[in-house]
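For reference, the structure discussed in these notes is given below.
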Amino acid sequence: MEKVKQYVEAHKEQFVEQLFNLLRIPSISAQSEHKPDMKRCAEFLAAALVEAGADHAEVMPTEGNPVVFAEKIIDPAAKTVLVYGHYDVMPVDPRNEWNTEPFEPVIKDGRIWCRGADDDKGQLWMHAKAFEAMCATDSLPCNVKFMLEGEEEIGSASLYGFCEENKEMLKADIILVSDTSMISMDTPSITCGLRGLAYMEVEVTGPNKDLHSGIFGGAVANPVNVLARLITKLVDDKGHVNIPGFYDDVRILTPSEREAFNKAPFNMESYKKNLDIDEVEGEEGFTTIERTGVRPSLDVNGIWGGYISEGTKTIIPSKASAKISMRLVPNQDFRKISKLFEEYFTSIAPNSVKVTVKSLHGGMPYVSPTDMPAYKAAAKAIVDTFGKEPLPFYSGGSIPIISGFESILGIKSILMGFGLAEDAIHSPNESYGLNQFFKGVETIPLFYKYFAEEK
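At position 38 of the sequence shown the residue is numbered 218 (the working numbering), and the sequence of numbers has no breaks.
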């Protein structure tokens, strides 16, 4: 490993410069105008992986955005690691809240500021550069395959079919993922659980056109008013989701499990200060750590309808819409929850409006066993680089395709991420610490070493 460390040290500036070129590509999968950028980003990564040492790499088409596949086989009898990451990023809205240009990376206060700096370009680039360092120093102990997709932020719809069609090509012993966070740099952790996701869109339609609110106000249902009332019926004032059957499959933790789960370091005052809030809110009877890790939740992600431009326009809008997501925990099935949501939302709507509900995408929760060889290898690697045993940690986030990998490919995933809460992923002013990036590059080769040695 000393040769690997020396190689990384000698190429640090180059690694960052290359990452900057990747970050400058505005690969926003949610916006159709960026379709050419998706292909450009995939081609950039395929070329980079070949330059890093892959035997070959290709940009493989799907029904949506392309998948980058690359591999290096050192010995057919050796263990194989399949590295998963995604090159698509979230939209930058609201643009006026960014302190820098969203796609022009800059380094300030020891951090890279740019959309995708952490999620997930910065983290997948750690793997590309760790792979390069191992190849350049003849230190690679495992076969390596890369599968980098361009649709994670919109549900990975095309990747399920891609995996079904390419099972043989994707054969591996473990899937290695860095698309998650640690508790802190002082308290390293390995994500051993992810919440699932059910993402819905609702539309409320009233009159067949916008109406004058003076002439018709008080006589015709206003879809915005109705939508607001319907949303208030989804969650009660104790943070409990009102959808019948929503909690039927949620496993209740035992007192000892709850006690162990709450041992993770957490400072409420720092948490509130970082978010500039006076008080937290959530499901009654559970701690903040439990609410964001092992309890399900429901949130409105966006709401629109009526006139919102400058000045005034006194109307009763014809339509109002909202996007609503539900984070799910083990044993909850996103398909069942989506159906329950649709049934409940339509049942509480008044006859004065029409309601449509669409399921946009979803995914199952995922649990990564802490006794599998890959977890042990990741823990050993982190001990070497951080000097501490990592804590097993349940993340509130979702990566829907991870459970799909297990069901389609029959392969478990190890979630060894190096993000932090302050990286502000999905928000304006996303950033990624240089120390996090290089800590990842240092840790990943050690994972390969220990994974190759695990029986």
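Quick reminder that beta carbons are idealized off the backbone N, C-alpha and C, glycines included. Please read all numbers here as calculations on a predicted model, not as lab measurements.
Give me, in chain order, the residues of the same chain whose beta-carbon lies closer than 6 angstroms to that of residue i; leave out the 5 immediate sequence neighbours on both sides.
| i | result |
| --- | --- |
| isoleucine 334 | Ser209 and Ala210 |
| cysteine 294 | Leu203 and Pro285 |
| phenylalanine 195 | Lys309 |
| phenylalanine 627 | Ala557, Ala558 and Ala561 |
| methionine 218 | Ser207, Asn245 and Gly330 |
Take residue i and list the residues in its own chain whose beta-carbon comes closer than 7 angstroms to its own, dropping the five residues that flank it on each side.
| i | result |
| --- | --- |
| leucine 589 | Cys343, Lys347 and Leu350 |
| methionine 240 | Pro246, Val247 and Phe249 |
| isoleucine 469 | Phe441, Asn442, Ala444 and Phe446 |
| asparagine 511 | Asp429, Val430 and Arg431 |
| methionine 552 | Lys592 |
| threonine 398 | Before going on, a small fix: residue 398 reads as glycine here, not threonine. Result list for glycine 398: empty, nothing under 7 angstroms. |
| lysine 183 | Thr317 and Ser319 |
| glycine 394 | Thr494 |
| glutamate 569 | Ala559 and Val563 |
| isoleucine 292 | Pro285, Gly302, Ser611, Tyr612 and Leu614 |
| threonine 550 | Cys372 and Pro572 |
Considering only residues of the same chain and omitting the five flanking positions on each side of residue i, which have a CB-CB separation below 8 angstroms?
| i | result |
| --- | --- |
| threonine 385 | Pro403, Ser498, Lys499, Val533, Lys534, Val535 and Thr536 |
| serine 505 | Leu377, Ala378, Tyr379, Met380, Leu478, Asp479 and Asn481 |
| isoleucine 363 | Ser369, Ala444, Pro445, Leu571 and Phe573 |
| methionine 181 | Ser319, Pro625, Leu626 and Lys629 |
| lysine 192 | Phe618 |
| aspartate 458 | Lys452 |
| glycine 341 | Thr242 and Glu243 |
Would you grab the beta carbon distance between residue i and residue j for me? Rounded to a whole angstrom, and I think it's under 8 angstroms.
| i | j | result |
| --- | --- | --- |
| isoleucine 354 | phenylalanine 631 | 7 angstroms |
| glutamate 223 | alanine 234 | 14 angstroms between Cβ atoms; not a contact. |
| glycine 620 | phenylalanine 598 | 4 angstroms |
| isoleucine 411 | leucine 320 | Not really, about 52 angstroms apart at Cβ, beyond 8 angstroms. |
| valine 188 | glutamate 622 | 7 angstroms |
| valine 406 | proline 282 | In fact, because the Cβ distance is near 36 angstroms, the residues do not count as touching under 8 angstroms. |
Is residue i helix, strand or coil by DSSP?
| i | result |
| --- | --- |
| serine 209 | coil |
| lysine 534 | strand |
| isoleucine 581 | helix |
| proline 549 | coil |
| serine 611 | strand |
| leucine 149 | Any property of residue 149 remains undetermined from this structure, which presents the chain solely from 181 to 635. |
| proline 572 | strand |
| glycine 542 | strand |
| alanine 250 | strand |
| isoleucine 594 | strand |
| glutamate 238 | strand |
| glycine 620 | helix |
| valine 272 | coil |
| tyrosine 267 | coil |
| threonine 280 | coil |
| valine 184 | helix |
| valine 196 | helix |
| valine 261 | strand |
| aspartate 458 | coil |
| isoleucine 528 | coil |
| isoleucine 605 | coil |
| lysine 635 | coil |
| aspartate 168 | Since the first residue shown for the chain is 181 and the last is 635, residue 168 is missing from the structure and cannot be characterised. |
| glutamate 586 | helix |
Given a cut-off of 7 angstroms on the beta-carbon distance, is the pair residue i and residue j in contact?
| i | j | result |
| --- | --- | --- |
| leucine 374 | serine 607 | no |
| arginine 475 | glutamate 463 | yes |
| cysteine 322 | valine 261 | yes |
| serine 489 | tyrosine 546 | no |
| alanine 310 | proline 625 | yes |
| leucine 199 | valine 357 | no |
| threonine 360 | serine 575 | yes |
| isoleucine 496 | valine 415 | no |
| alanine 308 | alanine 228 | yes |
| alanine 232 | isoleucine 370 | no |
| isoleucine 605 | aspartate 299 | yes |
| alanine 502 | valine 382 | yes |
| glycine 542 | phenylalanine 525 | no |
| tyrosine 267 | leucine 328 | yes |
| valine 263 | glycine 296 | no |
| glycine 302 | tyrosine 612 | yes |
| isoleucine 581 | serine 336 | yes |
| asparagine 609 | asparagine 279 | yes |
| isoleucine 528 | lysine 413 | yes |
| glutamate 331 | glycine 244 | yes |
| cysteine 315 | serine 548 | no |
| leucine 508 | glycine 425 | no |
At the 7 angstroms Cβ level, is residue i part of the contact set with chain C, yes or no?
| i | result |
| --- | --- |
| alanine 557 | No chain C is present in this structure, which holds just one protein chain. |
- Message: To test your reading of the DSSP string, which unbroken alpha helix (DSSP H) runs of 4 or more residues are found completely within the region 282–359?
- Response: 301–316 and 337–345, all fully within the region 282–359.
- Go through the region 362–443 residue by residue and report every complete run of the alpha helix (DSSP H) that reaches 4 residues or more, in order. For the region 362–443, whole alpha helix (DSSP H) runs of length 4 or above, ordered along the chain, are 393–396, 403–412 and 435–441.
- In the region 465–515, which residue ranges form an unbroken alpha helix (DSSP H) of at least 4 residues, counting only runs that do not cross its ends? Secondary structure remark: continuous alpha helix (DSSP H) runs of at least 4 residues inside the region 465–515, in chain order: 468–473.
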